[in-house]
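Asks:
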Amino acid sequence: MVENDKLTNGLDRRTYLGGIAAGAVAGLAGCTDSEDDGLEVLHGWTGGDGAAAIETLIEAFEEEHSDIDGTFEPVGGDGNVELNTAVLQRLTNENPMSSFANWPGNNLKRYEGVLMDLEEDVWEAEGLKEDMQERAVELCTYNDKMPAVPIGSHRMNNLFYNTAAFDEAGIDAESLESMSDLMDALETIDQDTDYIPFAHGMRSAFLGLQTWVQILSSQSGVDAYTDFIEGDGDRDAVIDALETLREIQQNYISDDASSIGYTQAAQKLIAGEAACIHGGNWQYGMYRSDDYDFEFGEDWDWIPFPGTEGTYFYHLDSFVVPDDNPSSEETIEWQKFIGTAEAQVEFNNLKGSVPLRTDIEPDELTDFLAMTYEDLLDSEEYPPTLAHGLAVEPKQQNDCEGAIGDHFMDPYDADAAADALLDAVSK
1 MVENDKLTNG
11 LDRRTYLGGI
21 AAGAVAGLAG
31 CTDSEDDGLE
41 VLHGWTGGDG
51 AAAIETLIEA
61 FEEEHSDIDG
71 TFEPVGGDGN
81 VELNTAVLQR
91 LTNENPMSSF
101 ANWPGNNLKR
111 YEGVLMDLEE
121 DVWEAEGLKE
131 DMQERAVELC
141 TYNDKMPAVP
151 IGSHRMNNLF
161 YNTAAFDEAG
171 IDAESLESMS
181 DLMDALETID
191 QDTDYIPFAH
201 GMRSAFLGLQ
211 TWVQILSSQS
221 GVDAYTDFIE
231 GDGDRDAVID
241 ALETLREIQQ
251 NYISDDASSI
261 GYTQAAQKLI
271 AGEAACIHGG
281 NWQYGMYRSD
291 DYDFEFGEDW
301 DWIPFPGTEG
311 TYFYHLDSFV
321 VPDDNPSSEE
331 TIEWQKFIGT
341 AEAQVEFNNL
351 KGSVPLRTDI
361 EPDELTDFLA
371 MTYEDLLDSE
381 EYPPTLAHGL
391 AVEPKQQNDC
401 EGAIGDHFMD
411 PYDADAAADA
421 LLDAVSK
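Structural data, given as structure tokens:
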């Protein structure tokens with residue numbers, strides 16, 4: 001089992017114990033004790049884009065491995081907050097699960113010292129280092145171990161739009177090449193139509209944080225964002241992006257924005273209430289659902305977030321394995337499976353993400369995802385996402401979210417928010 005000194009010296013308890021201990025009980029709803037050696041997998045896909053995708057993945061695994069007794073537990077949503085709480089609690093109580101869905105990269109620091117190394121039994125045994133995108137291999141490596149296998153990638157810098165809204169406003173989406181162009185378009189939509197110009201959720205601070213990142217990159221360039229996450233951000237550029245975010249939030253979002261998340265915001269686009277929305281391409285997983293009559297190229301379309309053409313803001317989902325594993329052999333079979341071409345195609349086609357394997361034929365994916373997959377392989381720059389765990393360590397990410405939550409969710413204080421953001425990444 002997990003040793004207490006590992007938890008003290010390795011697992012980043014400070015990241016959570018001060019901020020989300022109160023949510024631990026809720027986050028653990030539905031989780032079971034690992035008293036036997038059956039496979040137990042936790043994930044955060046409880047609805048929206050992810051529920052159908054994970055169910056399809058599980059069914060494919062169970063069909064191929066009918067001899068393995070598996071339990072697959074959904075835990076909450078909203079950016080993995082409840083899932084992370086559940087995982088921490090289980091590891092702290094020396095009751096590890098077999099595997100859990102999470103983000104790799106710097107996010108793995110929160111589990112430092114309690115992760116299993118899959119390099120020999122999975123990565124080398126299956127030849128995954130040769131089959132996966134090199135960037136994904138790097139992000140799944142932490143402290144000379146490979147405790148994670150990637151399942152799919154989302155590009156963050158998308159602007160999805162309702163074609164009817166843009167047509168009514170007389171806006172050619174392809175002509176939007178800068179943040180200034182987008183702001184002019186939002187004003188036109190506001191003045192000339194009844195659509196909400198910009199669908200946006202503010203229930204969680206990470207939603208404002210990820211939008212701020214796109215604004216910063218659009219207005220000041222991707223290098224300005226890279227400098228920021230490396231602890232050398234330009235304060236003036238940070239403030240300029242915050243002020244643009246404030247202008248959007250004060251003038252162009254819905255009245256209920258403070259109480260909704262990205263799923264509810266995206267539904268406003270589907271319902272014909274909103275003109276556009278920024279977000280990761282998991283939203284495509286919602287748009288293509290049989291629950292909606294919302295067709296790509298007819299009812300909705302997309303462009304790279306204005307000013308970020310040629311850039312793939314990199315987000316990665318993976319399954320991570322704790323050490324002292326209760327079902328090592330079954331867990332290895334699960335991790336091998338999620339690295340297969342079959343699993344990656346089945347899962348990502350429904351999730352709205354794209355495989356990390358480089359040997360996938362684009363025609364195995366839907367039209368939108370085939371384009372995204374080609375961008376995954378051929379973009380000019382791949383900055384890691386800040387709001388989803390790849391760019392900075394967990395404590396820094398939490399502090400960045402705190403900077404938005406404390407200073408930039410009405411009332412707005414750009415100076416205080418900028419100082420808090422810069423301080424967060426300089427530690």
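Quick note: the sequence shown uses UniProt numbering, first residue 1, plus one each step.
We put the beta carbon where it would ideally sit given N, CA and C, even for glycine.
Note that the structure is a prediction, hence the values are computed from the model and not measured.
May I ask which residues mark the beginning and end of the beta strand (DSSP E) holding T385?
Replies: Careful: T385 lies outside any beta strand (DSSP E) and carries neither H nor E.
Asks: Per DSSP, what are the beta-bridge partners of H407 in this structure?
Replies: DSSP output for H407 lists no bridge partner at all.
Asks: Can you tell me whether D256 is buried or exposed? The criterion is at least 16 other CB atoms within 10 Å of its CB, across all chains shown.
Replies: exposed
Asks: What is the rounded straight-line gap between the Cα of T358 and the Cα of N95?
Replies: Within the model, the alpha-carbon separation for T358 versus N95 is close to 36 Å.
Asks: Could you please give the first and the last residue of the uninterrupted alpha helix (DSSP H) stretch that includes residue 454?
Replies: The shown model of the chain, from 1 to 427, leaves out residue 454, and the question about it has no answer.
Asks: Please list, in chain order, all residues of the same chain as R235 whose beta carbon is under 7 Å from its beta carbon, the five residues on each side excluded.
Replies: Cβ neighbours of R235 beyond the five flanking positions: A418, L422.
Asks: Going straight from the alpha carbon of W334 to that of A241, what length do you get?
Replies: 43 Å
Asks: Can you tell me which of L118, D317, E329, E330 puts its alpha carbon nearest to the alpha carbon of G352?
Replies: D317
Asks: Under DSSP, the alpha helix (DSSP H) around E63 begins and ends at which residues?
Replies: 51-64
Asks: Tell me which same chain residues have a C-beta within less than 7 Å of the C-beta of L176, skipping the five on either side of it?
Replies: L182, A185, I303, P306
Asks: Measuring alpha carbon to alpha carbon, tell me which residue in A391, P326, P355, E174 is nearest Q133.
Replies: P355
Asks: With distances taken from CA atoms, which of V87, H315, P326 is nearest P384?
Replies: H315
Asks: Can you tell me which of the three DSSP states E40 falls into?
Replies: strand
Asks: I want to check one thing, is the minimum distance from the CB of A391 to the heavy atoms of the ligand NAD below 8 Å?
Replies: Absent from the structure shown: the ligand NAD. Ligands present: none.
Asks: Can you name the residues that DSSP bridges to M132?
Replies: R357
Asks: Exposed or buried, what is S178 when buried is set at 16 or more other beta-carbons lying within 10 Å of its beta-carbon?
Replies: Its Cβ having fewer than 16 others within 10 Å, S178 is exposed.
Asks: Contact between the segment 211-230 and the segment 137-149: three or more CB pairs below 8 Å?
Replies: Contact fails: fewer than three Cβ-Cβ distances are below 8 Å.
Asks: Quick one: any contact between the segment 44-55 and the segment 107-115, if contact means 3 or more CB pairs under 8 Å?
Replies: Verdict: no, contact absent.
Asks: Should the segment 241-253 be called in touch with the segment 401-416, which here means at least 3 C-beta pairs below 8 Å?
Replies: yes
Asks: Return helix, strand or coil for F296, following the three-state DSSP convention.
Replies: strand
Asks: Based on the DSSP output, what are the partners of N143 in its beta bridges?
Replies: Beta-bridge pairing links N143 to no other residue.
Asks: Following the continuous beta strand (DSSP E) through Y161, name the residue where it begins and the one where it ends.
Replies: Annotation for Y161: the continuous beta strand (DSSP E) segment containing it runs 158-162.
Asks: Just confirm the distance between the C-beta atoms of I332 and V122, as a whole number of angstroms; I'd bet it's less than 8 Å.
Replies: 6 Å
Asks: Over what stretch of residues does the alpha helix (DSSP H) that includes V213 continue unbroken?
Replies: Boundaries of the alpha helix (DSSP H) harbouring V213: 205-220, taken from the DSSP string.
Asks: Taking DSSP as the reference, what is the three-state secondary structure of F305?
Replies: When DSSP states are grouped into helix, strand and coil, F305 belongs to the coil group.
Asks: At what residues does the alpha helix (DSSP H) containing F100 begin and finish?
Replies: Counting along the chain, no alpha helix (DSSP H) covers F100; the unbroken beta strand (DSSP E) around it starts and ends at 99-102.
Asks: By the 10 Å Cβ neighbour count, where 16 or more other Cβ atoms means buried, how is S66 classified, buried or exposed?
Replies: Taking a 10 Å sphere around the C-beta of S66, we find fewer than 16 other C-beta atoms and assign the residue as exposed.
Asks: By the three-class DSSP mapping on this structure, what secondary structure does M1 have?
Replies: Model confidence at M1 stands at a pLDDT of 32, short of 50, so the residue's coordinates are unreliable; what they give is reported in the following sentence. DSSP places M1 in coil when its eight states are reduced to three.
Asks: From A265 to A205, what does the alpha carbon distance come to, in whole angstroms?
Replies: 14 Å
Asks: Contact defined as beta carbons within less than 8 Å: I believe G70 pairs with G38. What is the distance between those atoms, to the nearest angstrom?
Replies: 7 Å
Asks: According to the neighbour-count rule (16 or more other Cβ atoms, all chains shown, within 10 Å of its Cβ), is N143 buried or exposed?
Replies: exposed
Asks: Sort L269, I277, P322, K395 by Cα distance to S99 and report the nearest one.
Replies: Ranking the options by Cα distance to S99, first place goes to P322.
Asks: Tell me the DSSP secondary structure of E73 in three-state form.
Replies: strand
Asks: For L28, which residues of its own chain have a beta-carbon under 7 Å away from its beta-carbon, when the five flanking residues on both sides are left out?
Replies: Bear in mind that the predicted position of L28 carries a pLDDT of just 36, short of 50, making it unreliable; the figure below should be weighed with that in mind. Answer for L28: A86, Q89, listed in chain order.
Asks: Rounded C-beta distance between F368 and C276? I'm assuming under 8 Å.
Replies: With 8 Å as the limit, F368 and C276 do not qualify as a contact, their Cβ atoms being about 16 Å apart.
Asks: Looking at C-alpha atoms only, which residue of D117, E82, H43 is the closest neighbour of D324?
Replies: D117
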